[in-house]
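Enquirer:
Below you can see the structure in the form of structure tokens.
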């Protein structure tokens, strides 16, 4: 890298100070943003949750806060992988809910979580088509031949599951696009760009009447499990434990199943 | 080129938005100088001839071809008008040779043929050895000579010179003027100029434009002998007072009687408009009435100064507003403590005043 | 590197200037530190990475050619327009520059997509653009052409129109004037605009993802591959990022070197 263009002129000390400040800011910004919870009068719980929980978890939190006055729950929703990266980077969180077990294992391996992960929800794959089903898709079968199928990329959990399920059913998929997240699959189908997509039940439920849902044989053998755990170094370990307990309680399960999740 | 009058250049056209109604003709092979103050219509005329402007009515003919009339409009590139402007406008991405070869190439010549022609034209302007230079490496005078070579390399039917010396220093202008005199003689040429020297060295004929009209045109010496406008008189280097002829040698002008000598070639008729013409060098300025008996002593007010060689040209305004220029020495001016607005007396000997019939106003195109 | 001695710069200016440089340079330095240099050859040798790189180069070349063939004429016409029309047409022409990429993708999708305003008719004729390499090229052209147009148009507006007139008096037809005078005069701007457009196309992500999808070898360009790879293998994502940055840097520097040499 070339030196900054100030070489021939003595750099005033203030520049160095400023540079230092800038570097500090850059490095601490993510922590500072999520870390405002560390100065709390009453407890504020920070929950890192997989993006597919965006709708269900706030509803669960409402019930939890009612049962635990003085405790406020805040969420950071993102891809499970990104969340682990953020935790590894020192982000301040109390609870971590992952959309798959592989990612949770990464967190466990890096000693980022404090409690043993517990599976609180499951999700299975379904086939979706636009409501008018222009491709005349009948299921995960030969009706997909030559049609525009969009699935998750094998590198991400839903794509991995899709691949496994297709193998179980003895079908070779020829997708026109393999997206990084399941939202893009739903989008391709609801806009009519794609004739069919493979997504989770919860995504199909969220899309409502914009899609037609077709069950896939053996989907119960490729179940995606959502594990939850408290985060290592949490300053509200007790509250974090009770949140995990609430999610896995009957009240939590009721909310989850209303969003299409399966209950373990 | 045909020998008919139409083989020259004829402009009889109006451009409404510019308030121009211009009529003039250039005889084949002759150079017509256009003079007139800024905004008089000179650039409109240039635009009409080059093809940048479309007339609202009337017609423009060049070399026997219609450039523009009610049914035709010949675009710039099909007019065969060689155009030389104030700035050389050389193409910066081409060297000198290819600038000059541009025209022949554009008209379909092969690269070799075009370059041969370009070398020939560069020799004519004395710049053959600069063929491989970039325009940016040339002096102003050299660049303008290259531009002339480029304009002539296309064998234009009409040459259009739009103040070609105006941006050059005195020395460069002088050599350019000599070059032009040699290179455009015999071609049908329209020359727009502000410089009296151009008139005397380049022009066969002169047309005077003012307020969108051609107010006079004809052979140079005839037009300048009785300048139709103050501007023309200025260029011709004479003072011009317009009045009404009275008795022999007398014109009522400037609120006074001007006493002079009638020009036998252009004799004024009593009661008709007449011009009193005299050189600025023949005018002297006095704060008090001089002794002796100079015939013309006019009260005047100083309106401006400008350097004029080793002298200073003092402009004074007579009672009726007509201007007179007087050339005085800096020393005389200092002794009189002259400043703008000062009142004084302008004095001219009668023997130095020539009285001529004023040229008839109106479009002179017919001759 | 040094400041020209005759340019007096107030010293305090160096503080925000250095901060600005640091803002851009520090993350780059961060990347350089973090990249697993030793593994780069191996990481780049994977079929997925090679497909992405090759696809990116092909589509960017195509979209740059498209930007030139369509954008140059637009720039020339724009530079000649005046008045309200000029303002309107120019605003439309450069709008993709300020659109969020995902919006650009959505706009293309609802226009050229299978059920789009135009796409539904194309679809009837058997032309389906979505999920094809052509869609990638269209998305890249959509977002990158404005950079070429605005650069060239700006240069055209500041050229001396009198040069074109003089060329016409020499007998050059309008096409000849365009080819031999107008375009050569803005040559450096065309070169600069083209490389910026190429670089922008290379970095194009949002519109491609939304409009073209993501399939190895067909629509998954370098940025899409980086985005996907990040899910599983950060190192490979970083390795590809280095390639992307290196390509873009070469592109940005090339025109300056070329113009300097020709002077």
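Protein chains in written order, with our numbering: chain A, 1 to 264; chain B, 1001 to 1367; chain C, 2001 to 2263. All residues carry an ideal CB built from backbone N, CA and C; glycine is no exception.
Note down the Cα distance separating residue 1329 of chain B from residue 1052 of chain B, rounded to an integer number of angstroms.
Expert: Counting from 1 along the second chain, the entry for residue 1329 of chain B is found at position 329. Counting from 1 along the second chain, the entry for residue 1052 of chain B is found at position 52. About 47 Å.
Enquirer: How many Å lie between residue 2129 of chain C and residue 1073 of chain B at the Cα?
Expert: Against the third chain, residue 2129 of chain C aligns to sequence position 129. Against the second chain, residue 1073 of chain B aligns to sequence position 73. One C-alpha to the other measures close to 47 Å.
Enquirer: What would DSSP say about residue 1330 of chain B, mapped onto helix, strand or coil?
Expert: Reading the second chain from its first residue, position 330 is the one you call residue 1330 of chain B. Three-state DSSP puts residue 1330 of chain B in a helix.
Enquirer: Quick one: what does DSSP say residue 2053 of chain C is sitting in, helix, strand or coil?
Expert: For this step, residue 2053 of chain C is matched to residue 53 along the third chain. Helix at residue 2053 of chain C.
Enquirer: Drop a sphere of 10 angstroms on the beta-carbon of residue 1075 of chain B, count the other beta-carbons inside from all chains shown, and report buried for 16 or more, exposed for fewer.
Expert: Position 75 of the second chain, counting from 1, holds the residue named residue 1075 of chain B. Under this definition residue 1075 of chain B is an exposed residue.
Enquirer: Give me the subset of the stretch 2178-2199 of chain C whose CB atoms are less than 8 Å from a CB atom of chain B, sorted by chain position.
Expert: Listed by position, the residues of the stretch 2178-2199 of chain C near chain B (Cβ gap below 8 Å) are 2180, 2181, 2184, 2185, 2187.
Enquirer: Quick one: residues in its chain with C-beta nearer than 7 Å to the C-beta of residue 2106 of chain C, no 5 flanking neighbours on either side, listed in chain order?
Expert: Locating residue 2106 of chain C in the third chain gives position 106, counting from the first residue. Here the set comprises 2210.
Enquirer: Below 7 Å between beta carbons is the criterion; list the residues of the stretch 2117-2139 of chain C that meet it against any residue of chain A, in chain order.
Expert: Answer in chain order: 2130, 2131.
Enquirer: What span of residues does the alpha helix (DSSP H) with residue 1112 of chain B cover, start to end?
Expert: Here residue 1112 of chain B corresponds to residue number 112 of the second chain, with the count starting at 1. Element bounds for residue 1112 of chain B: 1111-1124.
Enquirer: To the nearest angstrom, report how far apart residue 1105 of chain B and residue 1116 of chain B are at their CA atoms.
Expert: In the second chain, residue 1105 of chain B corresponds to position 105, counting from 1. In the second chain, residue 1116 of chain B corresponds to position 116, counting from 1. One C-alpha to the other measures close to 11 Å.
Enquirer: For residue 2121 of chain C, write down the residues that DSSP places opposite it in a beta bridge.
Expert: Residue 2121 of chain C sits at position 121 when you count from the first residue of the third chain. Answer is none; residue 2121 of chain C lacks a bridge partner.
Enquirer: According to DSSP, simplified to helix, strand and coil, what is residue 225 of chain A?
Expert: One-based indexing of the first chain puts residue 225 of chain A at position 225. Correct three-state label for residue 225 of chain A: strand.
Enquirer: Got a sec, what are the start and stop residues for the beta strand (DSSP E) residue 1022 of chain B sits in?
Expert: As a working note, residue 1022 of chain B is residue 22 in the second chain. It spans 1020-1026 - the beta strand (DSSP E) in which residue 1022 of chain B sits, taken as one unbroken run.
Enquirer: Can you pull out the residues from the stretch 2081-2103 of chain C whose beta carbon lies closer than 9 Å to at least one beta carbon of chain A?
Expert: Result list empty, no residue passes.
Enquirer: Applying the 10 Å Cβ sphere with the 16-neighbour rule, what's the burial state of residue 2166 of chain C?
Expert: As a working note, residue 2166 of chain C is residue 166 in the third chain. It is buried - the Cβ of residue 2166 of chain C has at least 16 other Cβ atoms within 10 Å.
Enquirer: Just to confirm before moving on: does the CB-CB distance between residue 1168 of chain B and residue 2163 of chain C stay below 8 Å?
Expert: Stepping through the second chain from its first residue, residue 1168 of chain B is reached at position 168. Stepping through the third chain from its first residue, residue 2163 of chain C is reached at position 163. Contact flag unset, no.
Enquirer: Return the bridge partner residues of residue 2047 of chain C from the DSSP annotation.
Expert: Translated into the one-based positions of the third chain, residue 2047 of chain C becomes position 47. For residue 2047 of chain C, which the question treats as bridged, DSSP gives no partner whatsoever.
Enquirer: Taking the continuous alpha helix (DSSP H) assigned at residue 141 of chain A, which residues delimit it?
Expert: By 1-based counting over the first chain, the position of residue 141 of chain A is 141. Segment: none, residue 141 of chain A is in no alpha helix (DSSP H) and carries neither H nor E.
Enquirer: Can you tell me where the alpha helix (DSSP H) with residue 2149 of chain C in it begins and where it stops?
Expert: In the third chain, counting from the first residue as 1, residue 2149 of chain C sits at position 149. That run of the alpha helix (DSSP H) goes 2133-2157.
Enquirer: Using 8 Å as the Cβ pair cut-off and three pairs as the minimum, do the stretch 184-200 of chain A and the stretch 150-160 of chain A touch?
Expert: Flag = yes, the stretch 184-200 of chain A and the stretch 150-160 of chain A touch.
Enquirer: Let me confirm a value: residue 1038 of chain B is counted as buried when at least 16 other C-beta atoms fall within 10 Å, else exposed. Which label applies?
Expert: The count along the second chain starts at 1 and reaches residue 1038 of chain B at position 38. The residue in question, residue 1038 of chain B, is exposed, as its Cβ has fewer than 16 Cβ neighbours within 10 Å.
Enquirer: Which residue wins for smallest C-alpha separation from residue 2231 of chain C, given the options A/91, A/211, A/179?
Expert: Residue 2231 of chain C sits at position 231 when you count from the first residue of the third chain. Answer by Cα proximity: A/179.
Enquirer: On the DSSP letters alone, give me the boundaries of the alpha helix (DSSP H) that residue 1273 of chain B sits inside.
Expert: Sequence index remark: in the second chain, residue 1273 of chain B carries index 273 (1-based). Per DSSP, residue 1273 of chain B belongs to no alpha helix (DSSP H); it is in the beta strand (DSSP E), 1273-1278.
Enquirer: Does chain A have any CB closer than 8 Å to the CB of residue 2228 of chain C?
Expert: Locating residue 2228 of chain C in the third chain gives position 228, counting from the first residue. Answer yes: the Cβ-Cβ gap between residue 2228 of chain C and chain A drops below 8 Å somewhere.
Enquirer: Would DSSP call residue 74 of chain A helix, strand or coil?
Expert: Stepping through the first chain from its first residue, residue 74 of chain A is reached at position 74. Note: residue 74 of chain A maps to strand in three-state DSSP.
Enquirer: Under a CB-based cut-off of 8 Å, is residue 179 of chain A close to chain C?
Expert: On the first chain, residue 179 of chain A is found 179 positions in, with the first residue counted as 1. Chain C contact via Cβ: present.
Enquirer: Interface residues of chain C around residue 81 of chain A at Cβ under 8 Å?
Expert: The sequence position of residue 81 of chain A within the first chain is 81, counting from 1. By Cβ distance, chain C contributes 2230, 2231, 2232.
Enquirer: Mapping DSSP to helix, strand and coil, what is residue 1216 of chain B?
Expert: Locating residue 1216 of chain B in the second chain gives position 216, where the first residue counts as 1. Residue state, collapsed to three classes: strand.
Enquirer: For residue 2224 of chain C, which option in C/2208, C/2131, C/2104 has the closest C-alpha, if you only look at C-alpha atoms?
Expert: Numbered from its first residue, the third chain carries residue 2224 of chain C at position 224. Closest option to residue 2224 of chain C, Cα to Cα, is C/2208.
Enquirer: Using a Cβ-Cβ cut-off of 8 Å (strictly less than) and excluding sequence neighbours within five positions of residue 1092 of chain B, which residues of its own chain qualify?
Expert: Within the second chain, the letter at position 92 stands for residue 1092 of chain B. Answer for residue 1092 of chain B: 1134, 1135, 1136, listed in chain order.
Enquirer: Please work out which residues of its chain come closer than 6 Å, Cβ to Cβ, to residue 171 of chain A, disregarding the five sequence neighbours upstream and downstream, and give them in chain order.
Expert: Within the first chain, the letter at position 171 stands for residue 171 of chain A. Correct list, in chain order: 140.
Enquirer: Quick one: Cα of residue 2160 of chain C to Cα of residue 2185 of chain C, how far?
Expert: The residue labelled residue 2160 of chain C in the question sits at position 160 within the third chain. The residue labelled residue 2185 of chain C in the question sits at position 185 within the third chain. Computed Cα separation, rounded: 9 Å.
Enquirer: For residue 1057 of chain B, which beta-bridge partners are listed by DSSP?
Expert: Position 57 of the second chain, counted from the first residue, corresponds to residue 1057 of chain B. In DSSP, residue 1057 of chain B forms a bridge with B/1014.
Enquirer: Could you tell me which residues DSSP puts in a beta bridge with residue 215 of chain A?
Expert: Numbered from its first residue, the first chain carries residue 215 of chain A at position 215. Residue 215 of chain A is bridged to A/126.
Enquirer: Checking contacts by CB at 8 Å: is residue 2109 of chain C closer than that to chain A?
Expert: In the third chain, residue 2109 of chain C corresponds to position 109, counting from 1. Interface residue, yes.
Enquirer: If we count the other Cβ atoms within 10 Å of its Cβ and call it buried at 16 or more, is residue 2028 of chain C buried or exposed?
Expert: Along the third chain, read from residue 1 onward, the residue named residue 2028 of chain C stands at position 28. The residue in question, residue 2028 of chain C, is exposed, as its Cβ has fewer than 16 Cβ neighbours within 10 Å.
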